[in-house]
Each structure stands twice: as structure tokens, then as C-alpha cells.
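Right, one structure below, let's go through it.
Laid out in C-alpha cells, this is it:
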């Protein structure tokens, strides 16, 4: 066979196979509820209307179809509520991974909550707390910030100050 790029040589079929080396199908599901047509993809409340809330649950489970002994499962629950310029959102996250060797699974758990209040159409102070329990260690992040909106969410400037706490040590 002639190389179509150069017009020379021979191409082995082994060099041109476009097939994944691992087959890892997974079951994926997500279900949610939305009251008041809240836009969950934009955290600020530019609508400034009455209470709107949304919540969803998602799961991903790898089926171990390649029988390599490696598998994982993740799940999340997230929510958002908005009313009259105030927004409050958060999520809980969990994952478990197992390797080839049967032993303790690697489990990670975490979550976050965040709130902000839109001042006019131009600025928003915010507070956020995140936690992560990563198998054998935990971390926490506490953030205070301020966003300046030039053109809604399309053009904005964000400033944050965070404090990280990990294993008993503070880093500001």
C-alpha cells in the first residue's frame, strides 16, 4: 500500500488502526428538578425575580467491561437558589476507585457552598467554602471575593482571597 501523504513506501495495517486500546463503557444518569426556570449555569441573579430553585443528582458507574479489575463510581448532588439578587448554590461529591489489587478503595468526598448578592448590575460580593476528604487527608478552602460585571457574565473581573487548610496547616 502506498502512503497517501507522500506517495511512497508501504503502510502496515497495524500502524493505521484507529481503535481504542481499552473499552470502558459506563452507565451515566442525571435527574433534576427546576422550579421557576432558574438558570443554573450562571450563578449570579441578574433576573432579580422571586425565588427560583433547582437541584440535580448525577451518577457515573464504570462497568469494568475490559475485566481489568479497575473500576470507579462517582455521584454528585448540586443545587442553586436565587431570589431578588441573592444567589446560593452548592454541591456534594463522592467517588470511589478500585485498582487491580483487591484492597481498600480510594474514596473521595467533598462539597461546597457559595453565596453572593448582586449590587445593581455591576458588582457582587461572594463567600465560598469548599471541603475535600481525599482518602487519607482532608482539605478546606474558604474564599471571599468580589466580581465586577462589565457586560453581565460575558465580561467580568473577579478577585478572590482564599485560605487553604490542609492537614492542620494554614495557607492564606
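Residue numbers (our numbering): -7 to 164. The C-beta atom is built at its ideal place from N, Cα and C for all residues, glycine as well.
Is residue j closer than 7 Å to residue i when the C-beta atoms are compared?
i: residue 105; j: residue 121; result: yes
i: residue 48; j: residue 72; result: no
i: residue 76; j: residue 102; result: no
i: residue 16; j: residue 50; result: no
i: residue 37; j: residue 79; result: yes
i: residue 110; j: residue 116; result: yes
i: residue 158; j: residue 150; result: no
With DSSP as the reference, label residue i as helix, strand or coil.
i: residue 32; result: coil
i: residue 101; result: strand
i: residue 38; result: coil
i: residue 63; result: strand
i: residue 107; result: strand
i: residue 84; result: strand
i: residue -7; result: Unreliable positioning characterises residue -7 in this predicted model, as indicated by a pLDDT of 46, which lies under 50. A coordinate reading is not provided.
i: residue 48; result: strand
i: residue 167; result: In this structure the chain extends from -7 to 164, so residue 167 is not present and cannot be described.
i: residue 55; result: coil
What span of residues does the beta strand (DSSP E) with residue i cover, start to end?
i: residue 125; result: 115 to 126
i: residue 24; result: 18 to 27
Kindly indicate which residue of the options has the alpha-carbon position closest to the one of residue i.
i: residue 63; options: 36, 70, 18; result: 18
i: residue 43; options: 22, 30, 34, 35; result: 30
i: residue 68; options: 52, 74, 59; result: 52
i: residue 41; options: 142, 74, 59; result: 74
Which ranges would you report for the beta strand (DSSP E) in the region 134 to 158 if only whole runs of at least 3 residues count? 147 to 158
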